[in-house]
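Here the structure is laid out as structure tokens; the discussion comes afterwards.
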Amino acid sequence: MTQITPQPGIMDIALYQSGESHVEGVRDILKLSANENPFGPSPKAKEAIAAAIAEVHRYPNTDHAPLRAAIGEVHGLDPERIICGVGSDEILQFLCQAYAGPGDEVLYTEHGFAMYRILGLAAGATPVEAPERERVTDVDALLAACTERTKLVFIANPNNPTGTMIGGNELSRLADGLPEGAILVLDGAYAEFVDGYDGGVSLVDSRDNVFMTRTFSKLYGLGGLRVGWGYGPKQIIEVLSRIRQPFNLSEIQMSGAIAAVRDRDWANRCTRENARMRVWLSEQLAALGIPCDTSLANFVLARFADQSEAEAVDLHLKSQGVIVRRVAGYGLPQCLRITVGDEAGCQRVIDGIRTYQEGRK
Ligand code: PMP
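Here you go:
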């Protein structure tokens, strides 16, 4: 048979492993493996999604103007500098496609989000990982890893799966130290969970080499709808808009996202509840002898004695119907990433780990 060879780099991509959502033979499942909002989306978003079905025979609006206007209004941003995509993953893909190709490097951190490597390789570029310092982004290590071939530097702030973040001075130092022509991409998938953090807007506004991505999948509880957006210098938006498919988002997606971003009460309640339960969960885990780094996102990274203990806890929780995320693929084999659930959900995690520990005595 003829050998049909894909582009270089494609066969180096390992298939993305998403969080599981069911366990054979267990009925009452609590999924805490994908950083989803335990309260789901705003009821207003659900209504808007249902209503948009009536017009599904029509092609959607191609310029996303109503969605960009709603995002711009809520965040105080110029809608002309916003681009929308099929999840923030698609915005990250546009960036790789537009700015990184064979011979170029895309840089990210040791425990950075898996899509940076995948999308860099898919664009034909070379992925480069910089070490972190105790699971925190290390600006010096990133700057040391830059070369004249570095085109994109991805930082999730807060980072997934560590939950840690770096402050504004460190981000500025990174942006200012990058080689000529490289873009700093601030991935703000979890930015809304951090009180007082603008996701990098002020840095974008004061530099021409910084771009920010955001999502409706986490705080807004719309992971299944697939809507994300990016904000950056006009010059970059104009480049990305050339490669965006004209109908990448449906009216169903856009209507849901508009209603979600406008429902500030729902978003604020979810943020407050997440902050409260994240503290509770971390404290309860610590009381069981399981440390977590200080997370500012909607999950915690629980550290066990070693990989075999993390796996045993994972299996025990699964047998109870509680699904959390193994992160060995992120170089953290002794850890489990646990999404912050509602009160009952968090209690179930702690009860599950307690019964595991009692069973070992
Ligand atoms: N960035 C980070 C850091 C993430 O954790 C995720 C989701 N796991 C994404 C981007 C992509 O999210 P989405 O495509 O759903 O917007």
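Its first residue numbered 1, the sequence shown is counted upward by one per residue in the UniProt record's numbering.
Using N, Cα and C, we set each Cβ at its ideal position, and we do this for glycine too.
- Within the same chain, and ignoring the five residues on either side of aspartate 293 in sequence, the residues whose Cβ sits closer than 7 Å to its Cβ are Arg135, Thr162, Gly163, Thr164, Leu301.
- Between the alpha carbons of arginine 325 and arginine 276 lies a distance of about 21 Å.
- Note on arginine 117: 16 or more other CB atoms within 10 angstroms of its CB, so buried under the neighbour-count rule.
- For aspartate 205, there is no enclosing beta strand (DSSP E); the residue is part of the alpha helix (DSSP H) that begins and ends at 201-206.
- Under DSSP, cysteine 84 forms a beta bridge with Trp229.
- Distance from the CA atom of valine 322 to the CA atom of arginine 337, rounded to whole angstroms, is 12 Å.
- For methionine 115, the three-state secondary structure derived from DSSP is helix.
- Proline 291 sits in coil when the DSSP states are folded into three classes, being neither helix nor strand.
- For lysine 318, the CB contacts under 6 Å within the same chain, skipping 5 residues up- and downstream, are Val23 in chain order.
- Within the region 40-93, the complete alpha helix (DSSP H) runs of at least 4 residues fall at 43-52, 65-75.
- For isoleucine 183, the enclosing beta strand (DSSP E) starts and ends at 183-187.
- Non-local C-beta neighbours of aspartate 342 in its own chain, meaning closer than 6 Å and more than five positions away in sequence, comprise Pro38, ordered along the chain.
- Here DSSP, grouped into helix, strand and coil, assigns leucine 219 to coil.
- Residue state for lysine 234 is assigned as helix, using DSSP reduced to three classes.
- Per DSSP, lysine 318 lies in no beta strand (DSSP E); the unbroken alpha helix (DSSP H) holding it starts and ends at 307-319.
- Inter-residue distance for alanine 267 and alanine 259 is about 11 Å (C-alpha atoms, whole angstroms).
- Sequence-distant partners of phenylalanine 216 (beyond 5 residues in either direction) whose C-beta falls short of 7 Å from its own C-beta, in its chain, are Leu222, Leu225, Val227, Gly228, Ala257, Ala260.
- Secondary structure of isoleucine 4 (DSSP, three-state): coil.
- Between the region 173-182 and the region 139-156, the count of C-beta pairs closer than 8 Å reaches three or more; the two stretches touch.
- Shortest Cα-Cα distance from leucine 30 to any of Ala45, Ile350, Glu309 involves Ile350.
- Bounds of the alpha helix (DSSP H) holding glutamate 251 are 251-262.
- Residue side-chain check: asparagine 37 keeps its Cβ at 8 Å or more from all non-hydrogen atoms of the ligand PMP.
- The DSSP-derived three-state label of leucine 178 is coil.
- DSSP, reduced to helix, strand and coil, places methionine 11 within a helical segment of the structure shown.
- Counted as a single uninterrupted DSSP element, the beta strand (DSSP E) harbouring glutamate 129 occupies residues 126-130.
- With respect to leucine 92, valine 239 sits apart: the two C-beta atoms are not nearer than 9 Å.
- Of the residues assessed, asparagine 298 falls on the buried side of the cut-off, its CB having 16 or more other CB atoms within 10 angstroms.
- Under the three-state reduction of DSSP output, glutamate 36 falls in the coil class, being neither helix nor strand.
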